[in-house]
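A.B. asks: Chains as they are written, first to last, in the numbering used here: chain A, 1 to 505; chain B, 1001 to 1430; chain C, 2001 to 2153. Once you've had a glance at the structure underneath, I'll fire off some questions.
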Amino acid sequence: MPTIQIDGKEYEVEQGRTVLQAIDDLGLLMNGVEIPHYCWHPKLSIDGSCRLCQVEIEGVSKLQIACNTLVRDGMEIRTTTEAVRDAREGVMELLLVNHPLDCPICDQAGECKLQDYAFEYGAKHARTREPRRPAKKAIELGPTIVFDQERCILCRRCVRFCREVPRTGELGVFSRGEESRLEVFPGMKLDNPYSMNVADICPVGALTTKDFRFKVRVWFLDDVPSVCNGCSKGCNVWGSRSNNRLYRYLPRRNDAVNQTWICDTGRLSYKQFSEGRLSLPRIRGRETGYTEALAAAVRILSEAREAGAAVVGVASPFAANEDLFALRGLLSDLAAPDAVYTVPRGDSDDLLIQAEKAPNAAGARELGMRESAEGPGKAAVAIVLGHGFGPEAFEEVDALILIDTHESPLLQAAEVAVPSRSFAEKLGTFTNSARRVQRFQPMLEPRFEAWSEGEIVWRIGAGLGLDRFRSAYDPAAISRQIAEEFPAFAGISLESLDDAGRELG
Amino acid sequence: MIEAPATTSYLSEHYADEAYATLSGYEAKGGYQGLEKALGMEPAAIREAVKSSGLRGRGGAGFVAGVKWGFMPEQSDAMKLIVCNGDESEPGSFKDRLIMERGPHQVLEGILIGAWAMGAERTYIYVRGEYALSADRLERAIQELRDKGKLGRDCSGKSGFSHDIIVHRGAGAYICGEETGLLESLEGKKGQPRSKPPFPAQYGAFGLPTTVNNVETFAHVPFILDRGVDWFRGFGTEKSPGTTLFGVSGHVERPGLFEKPLGTPLGELIELAGGVRGGRALKGVGPGGLSMPILPSSDLDVGMDEESLSARGSHLGTGGIMVMDETTCMVRVACVISYFFREESCGQCTQCREGTGWLHKLSRRIEGGRGQPGDLEVLGRLPKMMEAQTICAFSDAAAWPIQGLLRHFRDDFESHLPEKSCPFGEGFEL
Amino acid sequence: MRAETRERIEKLFDRYPEKRGALLPALYLAQAERGFVDREAAREVAELFDLAPVEVMEVLTFYNMFHTEPQGRHHVYVCTSLPCSLRGSRTLLRELGEHLGVGPGETTADGRISLDREECLGSCGTAPVLRVDGRYCENLDLDSARRIVDELE
C-alpha cells in the first residue's frame, strides 16, 4: 500500500485511489484535512470541473485537483499553502460572480457549501460591478424538486446522480460556457424514485425539495441518527427535528447499506409519526386510561391461563428486535406457540428499494417467529403487535389484545387496544434484509402516553406475575439476552453497536 | 475556394493549380512518392525519421510529432486510431482550410504514412462544420483513393497494410480543436475536454489508442519521407524546422497566407502582406492567433518560431498574424477577444466559465466609458485567477491576450477612465 | 422524422466503433428536414441511439450549427472575430441588420433570412466574410453583401 504525506503527516492508503478518495477513505475529509470541493462526491463519477480541490504536490509545478490525481507512494501533498489558498479564493470569487447572494431567503443557508467556503476563503462577494447573468427562479423540475437557476454553480452532481444511480438521466446541462444551464428535456420531468437525493447533493441552494422548502431554518434543527423503516433495506437517516417535530429525513452515509442515498418514499416516511396515531387506549372501542387498558389485558390473559385456553401471539416486522424478544418470552411463559407475522410486500429495485415493506422482517425470522399468510388461527386470546394482518385473520379469535402505533381496521375488533411508541420514539434495533443489525434512538417524545411494544408486553408479563418480567424493562439488557440466546447475535447489543450497525454472524 | 498563397514553398508550390487537389494532378507533381518510400520501410524507421526531422505539430501547441507518434502502444489488441485535427477555428488562422481545399492529398498521404508507422487501422478527419468545401475536397480525394485500391484491406500495394479514412464534420464549437474536446465530440458528445492523464495514445477516441495531429502536420510528412530529413531541416530553425503557412490579417494592404520557413522575422511577413494599410503606423501584432499575447510594434524583428516568440512573452500558436494599426483601440480589441472566449468556453471549469464572462463584461464597461477606479486592478488580477488551473488550456488562452494588452497598452485602458468614453474615434466599430 | 432519414442515420452507425459516434452526422440529417431539430425529432434520434433525450438536447445546444427553433429560409452569418472586426465586419453586420430590419439572432418577418454573427470562419485573409447557407462569400463590402442577401429568395 502506498504511503502518502498530507501536510507532513504520513498515511497508508489504497493503491488506485485519487488523493481526495484516499483522504475520504481515511475519514479525514473535512474532518482534519480541509479540502473544499463541489463537484466531487464519494458515490459519483469524478468530474474534475469545479477546480476547488486544488492541492500542492511536491515536484509538480502546477496545482493539481485532489479529486482526480492518483496517489502514488511517497507523494507529498500540501493543502494549506498560500498557493492553495489563493486558488481556492479565486474559484470562490468566480463562483460568486453570478451568484445572487440571497442567503436571507435561501433554504440552503446554514448548510450551504458556497456560504461556508466563501466565509472560510476570503471573498464574501466577487469584486464585480457587472450585472449578473439572467436566470430563472423556482422552476419545478418535477413533482418533488424546485430549481433556482441563479444559485446553480454547475457542479453537475445532480446530472451525474440521475445518470449513474437511478439511471433515469433526466437532467442535463444545455448550451455552453457562461450560458450553460441545468435543464430537463423540454416537456419531461425529473421524476424517479430517488429524485430528492439531488437536493441533498446540491452543494448550494439551487435544488430544493418541495417538501422541505420554506418550512424551517436549518439552524433550528438538530439531526438524530436513525434508520428508515419503510422497507427491509434499513437505509440510514438523519432525522431533523425541532420542538419535538420531525421536519425531514436526510440520508446518512453508510457504505454497507445505502451509500449516501435514500428513496423518496422512505424520505417522506418521517411524516408517519404525526399522522393517524393511536393515541388513547381502548377497551371494546371505548377510550380509557393506560393503566385500565393494561389491567384489562392482564385479566384476559390470566383468565385464559386459568381456563387452559389457547393463547397465540402475532409479531410485527415493524417492531424492534427487543420488542419481539419480549413478546417471545411472554408467549413461551404462556405455553403459546411461536408468534406468527406477515410482511407487506411491494415493488423493489436493484438499488435500495426492497420488496419487504417493513424494517425488521429479518429480525422476526432470526428470532424464531414464523411468517404466515393466514394469521394465528383459532385461539381464545391473541396478543397482537399491529401493522400486519387485517381483522379477517382474527375471525376465530375470541379476544384480541392489540398493541399498535397507528389506528387501523383492527381497532374495531380489539378487546383491548394499547397505544405504543413508534420507533422514532424509542431505543432499539432492526435487522435489515442483509442481516445487518442497526440501532435507532428516540428522535421524538411521544405526545401522549405510550410505551414501546416491548415494555407493554413486559408490564403485562409482570402483571401476570411471571418471573422473567420482574425487573424493570430495559431494552439494553434485552439486547444482551438476545445475544446470549441467539448465536447469530453474538457480540451485538444496543451498547456495542455504533451508528454503522453490524452484520449478524 | 480560398486563394493560393502569394509566397510559396514546397507545401503550397502547386496550390494555384486546382488539379493538384485531385489524385492524378497530385501524382503528376510527385504525390504519393513519400508513401511509396515509407511502405518500403520498417514502421519504427519512419517514426525515427519523423522524430529526427524535428517536425513540430502545427496546431498551436508545437509538440514534436515524431515523439507523439512514439507514444502509441506498439502492440495493441484494440484497434489503433489516427485523428486528423481539421477543426481550425483559431481567429487569425486559415491555413488548414487552404491545405484541405487545395492540397487534400498531401494530408491523406501524410495520414497513410502515419498509419503504417503507428499501425493504425482507421483515421477520422475531424473537419470543422463550417468548412464545407474542405470536407467535400477531402471526401472526393478519399473516394479517389478507394477507387484506386489505395485504401481498405491490403491497400496501397502493401499486403498486411489496411487503412480507412473517414471524414467527420464538427458542428460549430472552437473547443473541439482542443485534442480531447475533439475526441469527445467525435464520440458524439459535447466537446468538453477531458482530464489528462490518460492521454489519447492510451485512451483516445472511443477508448482506443489514438494519435491526434493537425492537418498541416500531416501535410509536411510526405515531403520528409520523399526528400529526406536533412532536406527538411534545411528550412526553418534548429528547434523549429520546416516551413509553415503564416496567415497575415487585419490592417495590412494584402492579407493572405504566406509559406515561409519558421523563424522568418515578423516584420518581413507583414511586408509580404504589403505592410500596414494606408501607410499608417503599426500599433500591435497578435503573432499566433487570438490565444497568444499581443506584441507591441517594437517587436517586429522577432523570429516567427516558438523559441523566439516565447522570449518576447508570446507564442507561435498557429502562426496567425493579426496586424493592428495606430487607429486601433486596444480596449475594443479586448472586448472582441473576450467575447470570443466567452462564446467558445465549453463551460466545465469554474475559472473559465465565469472568468470569460466577467472579462467580457468588464472590458465592455470600460470601453463604454463606465470604467471606475479599481477596474484595471481587477482586469489585471482576473487573468491570473484563470491561468494554469483548468482541465484544458482554453482558460489560459482567454487570459493571455488580455495580459498582453494590459502589459503593452495600459495607456489605452487608463485613458478610457477619466474620459468616460472611448478616445479612439476612427478605429473599427464594435 | 422521415423513414428515409432514419434509414440514413442507421447506415452511419458502423462508421464508428460505437454507435454514438454517429450522433453529430445524424443530427445534421435530422436538421436537414426542416432546418431545425425539434423536440420530437430529438426524441426520435435519442431512441435510435439508446440515449436519454436530454443527452441529445445537450449536444444540440452545445454546437452552434444545430438549431432547436425554426429558422429563416436562409442563414446569413457575419464573422465578427478580431481579424474580420479589424476590417469592418461589425459595421457590416450592423448595416446589414438595418438593411434587413433585424438584429443578430433574429429572423426577418417574412421568414426569409435569419441573420447572426459567428466567430472566426477561417476567412481572415479575405475579410469580411458572410457565410450564406453554408457557402462562403468573401472580400465583401456593404454593397456586395447587400446584393448577396437581396438575391436570396
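Cβ atoms here follow ideal geometry from the backbone N, Cα and C, with glycine treated the same way.
Whole-angstrom Cβ separation of L464(A) and S302(A), contact assumed at under 8 Å?
C.D. replies: Confirmed, about 6 Å.
A.B. asks: According to DSSP, simplified to helix, strand and coil, what is H506(A)?
C.D. replies: Absent from the structure is residue 506(A), since the part of chain A shown begins at 1 and ends at 505.
A.B. asks: Are at least three pairs of beta-carbons, each pair with one atom in the stretch 444-451 of chain A and one in the stretch 339-346 of chain A, less than 8 Å apart?
C.D. replies: With the cut-off at 8 Å, the stretch 444-451 of chain A and the stretch 339-346 of chain A do not touch.
A.B. asks: Going by C-alpha distance, which of T1210(B), K1095(B), Q1403(B) is nearest I1111(B)?
C.D. replies: Residue T1210(B) is the option with its Cα nearest to I1111(B).
A.B. asks: Scan the stretch 178-266 of chain A and note each continuous alpha helix (DSSP H) run of 4 residues or more that stays entirely inside, going in chain order.
C.D. replies: Within the stretch 178-266 of chain A, the complete alpha helix (DSSP H) runs of at least 4 residues are 197-201.
A.B. asks: By the criterion of Cβ-Cβ separation under 9 Å, what are the contact partners of Y1010(B) in chain C?
C.D. replies: Correct list: empty, because the minimum Cβ distance to chain C is about 20 Å.
A.B. asks: What residues in the stretch 2061-2089 of chain C bring their beta carbon closer than 8 Å to a beta carbon of chain A?
C.D. replies: Taking 8 Å as the Cβ-Cβ cut-off against chain A, the residues of the stretch 2061-2089 of chain C that qualify are T2061, F2062.
A.B. asks: What's the C-alpha gap between T79(A) and P1197(B)?
C.D. replies: Straight-line Cα distance between these residues: approximately 22 Å.
A.B. asks: Leaving out the 5 sequence neighbours to the left and right, which residues in its chain are closer than 7 Å to K1384(B) when beta-carbon positions are compared?
C.D. replies: Same-chain partners within the cutoff: there are none.
A.B. asks: Counting only beta-carbon atoms, is M2057(C) nearer than 8 Å to chain A?
C.D. replies: Taking Cβ atoms only, chain A reaches closer than 8 Å to M2057(C), which makes this a yes.
A.B. asks: Output the boundary residues of the alpha helix (DSSP H) element that contains M2057(C).
C.D. replies: Start and end: 2053-2062.
A.B. asks: Please report the residue range of the beta strand (DSSP E) in which M1322(B) lies.
C.D. replies: That run of the beta strand (DSSP E) goes 1320-1325.
A.B. asks: Which residue's Cα is closest to the Cα of S2123(C): E1121(B), E1130(B), R1146(B), G1368(B)?
C.D. replies: Nearest option by C-alpha distance: E1130(B).
A.B. asks: Examine chain C for any beta-carbon lying closer than 8 Å to the beta-carbon of P143(A), and answer yes or no.
C.D. replies: Cβ-Cβ to chain C under 8 Å: no for P143(A).
A.B. asks: What are the boundary residues of the beta strand (DSSP E) that N1085(B) is part of?
C.D. replies: 1081-1086 is the span of the beta strand (DSSP E), which, as asked, contains N1085(B).
A.B. asks: Between the stretch 1153-1167 of chain B and chain C, which residues of the former have a C-beta closer than 8 Å to a C-beta of the latter?
C.D. replies: Within the stretch 1153-1167 of chain B, the residues whose Cβ lies closer than 8 Å to some Cβ of chain C are I1166, listed in chain order.
A.B. asks: Check the Cβ of R1227(B) against every Cβ in chain C and list those closer than 9 Å, keeping chain order.
C.D. replies: Ordered by position in chain C, no residue passes the 9 Å Cβ test against R1227(B), which lies about 28 Å from the chain.
A.B. asks: Counting C-beta neighbours from all protein chains within 10 Å, is the total for A450(A) 16 or more, i.e. buried, or is it exposed?
C.D. replies: Buried, by the Cβ-count rule.
A.B. asks: Let me know if F1246(B) comes out buried or exposed under the rule of 16 or more other beta-carbons within 10 Å of its beta-carbon.
C.D. replies: So F1246(B) counts as buried.
A.B. asks: Along the alpha helix (DSSP H) that carries H1360(B), what are the first and last residues, could you check?
C.D. replies: Start and end: 1350-1367.
A.B. asks: Can you say whether V60(A) is buried or exposed, counting buried as having 16 or more other CB atoms within 10 angstroms of its CB?
C.D. replies: Exposed is the call here.
A.B. asks: Where does Q1389(B) land, buried or exposed, given buried means 16+ other C-beta within 10 angstroms?
C.D. replies: Counting Cβ neighbours within 10 Å, Q1389(B) comes out buried, since at least 16 surround it.
A.B. asks: Interface residues of chain B around K62(A) at Cβ under 9 Å?
C.D. replies: Near K62(A) (Cβ distances below 9 Å), the residues of chain B are A1388, Q1389.
A.B. asks: Examine the Cβ distances between the stretch 426-440 of chain A and the stretch 276-296 of chain A and report whether three or more of them are shorter than 8 Å.
C.D. replies: No contact exists between the stretch 426-440 of chain A and the stretch 276-296 of chain A.
A.B. asks: Could you confirm whether any beta carbon from chain A is found closer than 8 Å to the beta carbon of A2052(C)?
C.D. replies: Yes, its Cβ sits closer than 8 Å to a Cβ of chain A.
A.B. asks: Shortest alpha-carbon distance to G1103(B) belongs to which of E1090(B), A1135(B), K1239(B)?
C.D. replies: With distances taken between Cα atoms, G1103(B) lies closest to A1135(B).
A.B. asks: Just tell me which of V173(A), E287(A), S49(A), P166(A) has its CA closest to the CA of Q149(A).
C.D. replies: Ranking V173(A), E287(A), S49(A), P166(A) by Cα distance to Q149(A) puts V173(A) first.
A.B. asks: From M1322(B), S1297(B), V1064(B), F1161(B), pick the residue whose C-alpha is nearest to that of F1409(B); which is it?
C.D. replies: The shortest Cα separation from F1409(B) among M1322(B), S1297(B), V1064(B), F1161(B) belongs to S1297(B).
A.B. asks: Mind listing which residues of the stretch 1265-1283 of chain B have their C-beta closer than 7 Å to chain A's C-betas, in chain order?
C.D. replies: Listed by position, the residues of the stretch 1265-1283 of chain B near chain A (Cβ gap below 7 Å) amount to none.
A.B. asks: Give me the chain C residues within the contact set of L1208(B), using Cβ-Cβ distance strictly less than 7 Å, ordered along the chain.
C.D. replies: Ordered by position in chain C, the residues that pass the 7 Å Cβ test against L1208(B) are P2017.
A.B. asks: I'd like to know if the stretch 1362-1378 of chain B and the stretch 1323-1343 of chain B are in contact, where contact means that at least 3 CB-CB pairs between them fall below 8 Å.
C.D. replies: Result yes; three or more Cβ-Cβ pairs closer than 8 Å.
A.B. asks: From this set, I1166(B), G1357(B), A1019(B), P1373(B), which residue's C-alpha is nearest I992(B)'s C-alpha?
C.D. replies: Because chain B here runs from 1001 to 1430, residue 992(B) falls outside it and cannot be looked at.
A.B. asks: Helix or strand or just coil, what does DSSP make of K2011(C)?
C.D. replies: In this structure, K2011(C) counts as helix in the three-state DSSP scheme.
A.B. asks: Pick out whichever of L52(A), E140(A), Q259(A) has its Cα sitting closest to the Cα of P42(A).
C.D. replies: Checking every option, the nearest Cα to that of P42(A) belongs to Q259(A).
A.B. asks: Give the C-beta separation of K1158(B) and L1039(B) to the nearest angstrom, bearing in mind that I take them to be a contact with Cβ-Cβ under 8 Å.
C.D. replies: Indeed they touch by this definition, with Cβ atoms about 5 Å apart.
A.B. asks: One question on the structure: do G234(A) and S226(A) come within less than 8 Å of each other, judged by their Cβ atoms?
C.D. replies: The answer is no: Cβ separation not under 8 Å.
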